[in-house]
Structure formats: structure tokens, C-alpha cells
Amino acid sequence: MEFTSVPGIGEKTAETLAELDGAEGALRRGDVATLARAPGLTEGRAAAIARGAIRRRHDDPGGWLATDRAREVFDDALGLLQERAVTDYAEKRLRTLYPSATESRIEEVRAWAAEAVEREPNEAVVEALAGVEQPTEPRGLRVRERALATADAERYAEAKDAFPELSVEVVEDARDLAELARSYSTVVALDETFAGVDVDGDVRVIPDPEAHHEEVVPERLLAFFAENRAELLAALDVHEAAGIDPALDPAALRDALSRLDDDGTPRGDDELRRLTNAVDDLDAAASTAASVANDHLRDAIREQDVTIEGTDFLSLVEQGARVDSLLSRELADEYDAAIRKAREHFVDALQLQPGEDDFAERVFAGEPTFPTEHNEEPLSRLRTELKAARDRRAAKLKSGLAADLADLREPADDLIADALELDVELAVARFARDFDCVVPEVDEPGTGFAIEGGRSPLLDVAFEEAEPVDYAVEGVTLLSGVNSGGKTSTLDLVALIVTLAHMGLPVPAASARVGRVSELHYYAKSQGTLDAGAFESTLRDFGELVSGASGRLVLVDELESITEPGASAKIIAGILEALDEQGATGVFVSHLARQIREAADVDVAVDGIEAVGLADGELVVNRSPKKDHLARSTPELIVEKLATESSDPDFYEGLLEKF
Numbered sequence: 001m002e003f004t005s006v007p008g009i010g011e012k013t014a015e016t017l018a019e020l021d022g023a024e025g026a027l028r029r030g031d032v033a034t035l036a037r038a039p040g041l042t043e044g045r046a047a048a049i050a051r052g053a054i055r056r057r058h059d060d061p062g063g064w065l066a067t068d069r070a071r072e073v074f075d076d077a078l079g080l081l082q083e084r085a086v087t088d089y090a091e092k093r094l095r096t097l098y099p100s101a102t103e104s105r106i107e108e109v110r111a112w113a114a115e116a117v118e119r120e121p122n123e124a125v126v127e128a129l130a131g132v133e134q135p136t137e138p139r140g141l142r143v144r145e146r147a148l149a150t151a152d153a154e155r156y157a158e159a160k161d162a163f164p165e166l167s168v169e170v171v172e173d174a175r176d177l178a179e180l181a182r183s184y185s186t187v188v189a190l191d192e193t194f195a196g197v198d199v200d201g202d203v204r205v206i207p208d209p210e211a212h213h214e215e216v217v218p219e220r221l222l223a224f225f226a227e228n229r230a231e232l233l234a235a236l237d238v239h240e241a242a243g244i245d246p247a248l249d250p251a252a253l254r255d256a257l258s259r260l261d262d263d264g265t266p267r268g269d270d271e272l273r274r275l276t277n278a279v280d281d282l283d284a285a286a287s288t289a290a291s292v293a294n295d296h297l298r299d300a301i302r303e304q305d306v307t308i309e310g311t312d313f314l315s316l317v318e319q320g321a322r323v324d325s326l327l328s329r330e331l332a333d334e335y336d337a338a339i340r341k342a343r344e345h346f347v348d349a350l351q352l353q354p355g356e357d358d359f360a361e362r363v364f365a366g367e368p369t370f371p372t373e374h375n376e377e378p379l380s381r382l383r384t385e386l387k388a389a390r391d392r393r394a395a396k397l398k399s400g401l402a403a404d405l406a407d408l409r410e411p412a413d414d415l416i417a418d419a420l421e422l423d424v425e426l427a428v429a430r431f432a433r434d435f436d437c438v439v440p441e442v443d444e445p446g447t448g449f450a451i452e453g454g455r456s457p458l459l460d461v462a463f464e465e466a467e468p469v470d471y472a473v474e475g476v477t478l479l480s481g482v483n484s485g486g487k488t489s490t491l492d493l494v495a496l497i498v499t500l501a502h503m504g505l506p507v508p509a510a511s512a513r514v515g516r517v518s519e520l521h522y523y524a525k526s527q528g529t530l531d532a533g534a535f536e537s538t539l540r541d542f543g544e545l546v547s548g549a550s551g552r553l554v555l556v557d558e559l560e561s562i563t564e565p566g567a568s569a570k571i572i573a574g575i576l577e578a579l580d581e582q583g584a585t586g587v588f589v590s591h592l593a594r595q596i597r598e599a600a601d602v603d604v605a606v607d608g609i610e611a612v613g614l615a616d617g618e619l620v621v622n623r624s625p626k627k628d629h630l631a632r633s634t635p636e637l638i639v640e641k642l643a644t645e646s647s648d649p650d651f652y653e654g655l656l657e658k659f
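Residue 1 is where the sequence shown starts when you use the UniProt record's numbering, and the numbers rise one by one after that.
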């Protein structure tokens, strides 16, 4: 893949992605977490890049969220989804969902979401997901007892890059290879010319090491499974709790992991344990064995009377003999017994096997001395022998275990990836359940929207307390109604449902039909009258809006607040005329509906959120807009109430006639 062909990826970012293993696959999958591991790439940037790759695949120009308020609604919707994710991966992965005008993208997500909402987010699955994370690759792994050897400089460079865990050495001939074999437990020769060469030591010829990673450097594979043990077992628990077939044999994985220690070494092998303990305990065993011999000699000396002829004593002294030499003649048998005990203890303590126990005689041998000491040279040789045997045993076990795990390596990635993707699906399923969602019908452009039983989870009340709203619009419409009657909330609900539908996701409604729109333009209520410069800038925005492409959805909340009411009505009327000619869908919330309709040269529909009365000083409102109805204002309702309750209603009835 040419990274720079993806929207949002420049030359520098492309170079960064080139350093990341699996970058192409991550872009295709929308795997934000993997992309974010690239040097210097933040999670937000990674999500933007993943979305860019998706847009490229669907030839999607982007830019559907055309205003700040539209983007805020999308961010709120995305936040509701992310709150229902368990894993960090799912939270990041959900960022690749975005509203689009491209039919293929919407349908792709709709098909996925239709399956996702059928998932059952039971507590056992959610609990198991808490232990799942993306697998990590071993870092800083170093194997010191094995080396690669080659006579070819090019192969040398390739091997250095492919196997950073191992030493790579250049050898010219069999003599160099033999010399190298004396320094390492195992040497892997990469040149076929070394096949059949007879040298001492463990020397193997593997001309294509890249195809035999589990044999050349089994530690890499073992370290992966050791480091990701908890995640793999948690992913298995997720599959089992969800009743999903995993990508591998659970029994085979659990068996292999049971034979692997947390440090990546094989466990459960008695011979490897014996050799490892022998190497670790060698010096202590030699020291203790010498103490056993010396304790025996001390006891023997205490218990015996030693008689020496005078001439013998004079002769020994004249010869410069030491006291232990003087006594050796009398205690020879006891000394032999002491040395025998030392050897037996040494062999037993280290559990030395036939062939290894011969070293005990050399470690404790020589002229009688007191105190007895071990011989360092044979002890050092025994240490070398035991280390070599340990390393050969470990290498054999590692290779065997790695061979068993090799076939599980890719399925292990799939196992975790499937569990993480399940979390993404479950987040959508939980969203759909929590907010009583339905998969909407996505209709042809220009058909507006129709919502039945829509409830917004963005309100400041519990979702269960939100009143359902029915509302349908085709073309441009003015929405009238009393203050605090729910006009802005209705715009938010429409924006949310249309946004989710264009993301391909279920929407919080009993049913919904949404015509595809090219862009969402949502303008929030202005905070007071604008000065001349800001007013001019706002008019420029609407000028660009009405002169742009068709097929947009325009939601505007009380645009009249930007300037004087008389001028506002005329400006809004002109905007509505242009949008109507463009074939756009629009809802304009306004308290100037009557004036705007009078100023417009086209027939502008007016809907109303009707207050049906006052109760204890509070408005009683029908939250669903009434079609083709100019809703009464709050002042009108209050005047009407006073006219009804007053003993002298003439004044109030006169006021009512003004409305």
C-alpha cells in the first residue's frame, strides 16, 4: 500500500508507518491501537488516519459534519458508545466509526451493526473482557548461548536484521566454525557449504533460518506466549462465555502454556531442573562437601591417640614436614573415609548422573591435607559440562515446545483480535439496549426524515424519563413553540438520529427513516445579538451554505437572535427560499414564524410544539411537533389563563386579540 495515498498521511507519517510491523493490515482493519504504536503517533491522529484509509476505500470525500455543533453531537454520540466498551482497544476502534454520505460505507457498517446488536452482552463476557489486551511483542530479548555463523557478508547483514536476539559471526572455514562451537552451546550455520562438516559441539546447518524461527530462536515464540499468557487465557474465557468458537484448540493452547514458565523457559522437565540446580548449587555443594570431610577428620583426631617414635618425629621435622603430613600415616584410613563422604555428599547434593559423578573423584583428590579443600580446575570443568548439558537440554525443550506453539502463533493473534472485536460489537449492542434503539431505514437523498418514538440520551434527565417524540420533515420547515417547550431538544434529537443513521448505527427511536444527506449543518443558538463584523461573518456562512451542493440537512436554532427581529425575519425568509430551491431539508427553530412566512416568497411549512396549558405555573407541553401548526407563545398562554380566571376579563381578551 502506498501510505501517502491515504487522506491525512504525508511523507513524514508514511515513513513512521513504514517502521511499524503490520501497518497495512492495521489500516485495512481500522486498528487504531496498533497504528498508535508507531513512533510519535497519538491515538487521535491514529484514529484520523484509520478513518482516512476507510474513506479512501469507499471513495468518501468526508466533511459530513459541517459545523461545530454538528461535530459536538457526533462527539456526544461517540462518547456514549465508548462508555460501553470494556477494553482500550474497543474504545479506540470505535473512533473509526463516522457519519458518511457514501452509500457503500453506510451499508458496510449497517450490515456489521445488524449482527452486532444481536450479541448478548452478559456479565460473564464483560468480566472476561476486562483481562483482554492487545498482545505485546517481546522486547530486548537476548540469547547468549547460541550464535549464527556465515561466510557471506550479505547473509551476515540479513541475519543481523532478522535475528537481533542472537550473535551473528563471520567464519571462513570449518576451523573457524569449530572454534566458534567451543564458545557457544549451539551454533547455527547458514551456509550449505558447511553441511556434512564434522566438528565437535552442537552445530546445525539451516540455510533458510527465516522459515524456521521456532528452531533458530525458539525463545522469541516462547517469550510471546509467556508475556501474553493472561491475555490469551482471558480471550479464551471470552469465547467460552460468549459461546463462540475460538480460532485455535483451547486444550492445545492451555497444555502448551502449562509447560511454559513466566520467564519464557520450559517448565515441568525434571532433567532440566536437575541440571539447572546443579549449575546454581555447584560452588555451595563443593564447599559443603569439604566441610563434611573436615568434620569427619576432626572427630577422628579427637578420638585417637597418636604415637610417634622419636627418630620418626626427628626425621619428619628435619624434612620440613607439616603436621598433616606427620599425621597422615596414622589417619590414612580416616582421611580416605572423609574424602569418600565428601564425594558422596557432592554427588547426592547435585544429583550427578553416571559420567558426571567421575568429576567428584577429581574435585576431591590429591595428597592428604587438613583442612581438606576441593580442586578448582576439575570443578570448573564440571561447571562447563553441566552448563553445556543444561543449555542443550533447554534448547531441545524450547525447540519442542516452540514447534507445538508455532502452529498456534497466528491463531493466537486471531483469538485476541476476535475477543477485542467482540468488545466493539458488544459496545454497540449495549448502546442499542440501553437506549431502546432500532436500525433505521436509510432512504434516497431528498426524502427528509421521519422519527417515531424518538428519545434523546443527550438530555439532562434519565433516559427512561425522556418523553418520546414523533417528528417528520421533508423540505424546509419552521419549528415554532413556547420557551422551554423542547424545540432545541428536538433539533438535538434529529441531529443525533441522522448522525447515527449516517454512521450506519442503530438510533434511539421506535422507528426511523432517514434520507441520505450530503452534509449536516447544525447552527446552535447565538448568545445574544452580534456586532456588525460577526453578523457579516454569519451571513457569509449562510451565503456559502445556500450556494453549495444540494442534499444537505440544515438545522438552525433561533437565528433571529443575531440581529433585530424585523431584519432577522427577512434574512431567514431569504435563506429558506434558497434552501427550498436547492432541494435541501431544513428545520429552523424560530419565534418569528409568522413574520418569516409573511416575508418569504415560497410557501414555508410551519410546525409547532404545542403547550396545552399551565399547571402550577409550569407549562404542560406535547413534545411531538404538530404539523402545519403555528404554536402559541408562552405570553399568549398566560394572557389566555388570566382572561379565563379574571372577574373582569375585558382587558385580557383585548390582549388576546393582538396575538
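Idealized CB from N, CA, C, for every residue including glycine.
Problem - Euclidean distance between Cα positions of residue 387 and residue 343 - result: Using only the alpha carbons, I get a separation of about 20 Å.
Exercise for the section: Kindly indicate which three-state DSSP category residue 443 falls into: helix, strand or coil? Expected result: strand
Problem - Inside the stretch 175-215 only - beta strand (DSSP E) runs reaching at least 3 residues - result: Those beta strand (DSSP E) runs which fall completely within the stretch 175-215 and span 3+ residues are 186-189, 202-205.
Exercise for the section: Please name the residue or residues paired with residue 146 in a DSSP beta bridge. Expected result: DSSP links residue 146 through a beta bridge to 186.
Exercise for the section: Work out the CA separation of residue 102 and residue 59 for me, nearest whole Å. Expected result: 8 Å
Practice task
Could you spell out where the beta strand (DSSP E) holding residue 521 opens and where it closes?
Solution key: 520-523
Handout entry: Rounded C-alpha distance that separates residue 19 from residue 205
Key = 31 Å
Problem - Same chain only: Cβ atoms within 7 Å of residue 74, ignoring 5 sequence neighbours per side - result: Same-chain partners within the cutoff: 65, 99, 499.
Problem - CA-to-CA distance, residue 410 to residue 223, given in whole angstroms - result: 15 Å
Problem - C-beta contact flag for residue 606 and residue 586 at 8 Å - result: No, the pair does not count as a contact, with Cβ atoms beyond the cut-off.
Problem - residue 160 burial status per 10 Å Cβ neighbour count (16 or more: buried) - result: Its Cβ having fewer than 16 others within 10 Å, residue 160 is exposed.
Practice task
Check whether the Cβ atoms of residue 501 and residue 442 lie closer than 8 Å to each other.
Solution key: yes
Handout entry: Of the listed residues 71, 37, 4, 82, nearest to residue 53 (C-alpha basis)
Key = Looking at the Cα atoms, 4 is the closest of the given residues.
Problem - Residue range of the unbroken beta strand (DSSP E) whose run includes residue 151 - result: Run containing residue 151: none; DSSP gives neither H nor E here.
Exercise for the section: Would you please state the rounded distance, in angstroms, between the beta carbons of residue 233 and residue 505? I believe it to be under 8 Å. Expected result: Incorrect: roughly 32 Å between the Cβ atoms, too far for contact.
Problem - Of the residues 370, 146, 623, 168, the one placed nearest residue 153, counting alpha carbons only - result: 168
Handout entry: Cβ-based burial, residue 514 [other Cβ within 10 Å; buried from 16]
Key = buried
Practice task
Report buried or exposed for residue 580, applying the criterion of at least 16 other Cβ atoms within 10 angstroms of its Cβ.
Solution key: buried
Exercise for the section: Could you check the C-alpha separation between residue 362 and residue 218 for me, to the nearest Å? Expected result: Approximately 37 Å between the Cα atoms of the pair.
Exercise for the section: In the DSSP assignment, find the alpha helix (DSSP H) that holds residue 599 and state where it starts and stops. Expected result: Residues 593-599.
Handout entry: Bridge partners - residue 706, DSSP secondary structure assignment
Key = The requested residue 706 is not part of the displayed model; the chain covers only 1 to 659.
Handout entry: Burial state of residue 484, where buried means 16 or more other Cβ atoms lie within 10 Å
Key = exposed
Exercise for the section: Quick one: using the 10 Å Cβ neighbour count with 16 as the cut-off for buried, is residue 517 buried or exposed? Expected result: buried
Exercise for the section: Use the C-beta contact count for residue 537: other C-beta atoms within 10 angstroms, 16 or more gives buried, fewer gives exposed. Expected result: exposed
Problem - Proximity to residue 133 [Cα-Cα], best of 492, 434, 439, 413 - result: 413
Problem - Short Cβ contact (8 Å threshold) for residue 181 with residue 187 - result: yes
Practice task
Would you grab the beta carbon distance between residue 252 and residue 210 for me? Rounded to a whole angstrom, and I think it's under 8 Å.
Solution key: Going by Cβ atoms, the distance from residue 252 to residue 210 rounds to 25 Å, so no, they are not a contact pair.
Problem - CB contact flag (residue 748, residue 272, <8 Å) - result: The shown model of the chain, from 1 to 659, leaves out residue 748, and the question about it has no answer.
Practice task
Kindly list the residues whose CB is nearer than 7 Å to the CB of residue 684, restricted to its own chain and excluding five residues on each side of it in sequence; keep chain order.
Solution key: Outside the displayed span of the chain (1 to 659) sits residue 684, for which this structure offers no information.
Exercise for the section: In angstroms with no decimal places, state the Cα-to-Cα distance between residue 313 and residue 347. Expected result: Summary for residue 313: the model assigns pLDDT 47, below 50, so the residue's position carries little reliability; its value from the coordinates is reported in the next sentence. Cα to Cα, residue 313 sits roughly 38 Å from residue 347.
Practice task
Assuming residue 281 contacts residue 349 (C-beta within less than 8 Å), just tell me the rounded distance between them.
Solution key: Contact check for residue 281 and residue 349: beta-carbon distance about 7 Å, within the 8 Å limit, so the pair qualifies.
Practice task
Answer with buried or exposed for residue 12, where buried requires no fewer than 16 other C-beta atoms within 10 angstroms of its C-beta.
Solution key: exposed
Exercise for the section: Could you have a look at residue 537 and say whether DSSP puts it in helix, strand or coil? Expected result: helix
Practice task
Express the C-alpha separation of residue 125 and residue 241 in angstroms, rounding to a whole number.
Solution key: 5 Å
Problem - Residues bridged to residue 452 [DSSP beta-bridge criterion] - result: 511
Exercise for the section: Evaluate contact between the stretch 362-381 and the stretch 263-270, counting only Cβ atoms and requiring at least three cross-stretch pairs below 8 Å. Expected result: With a cut-off of 8 Å, the stretch 263-270 and the stretch 362-381 do not count as touching, because too few Cβ pairs lie within range.
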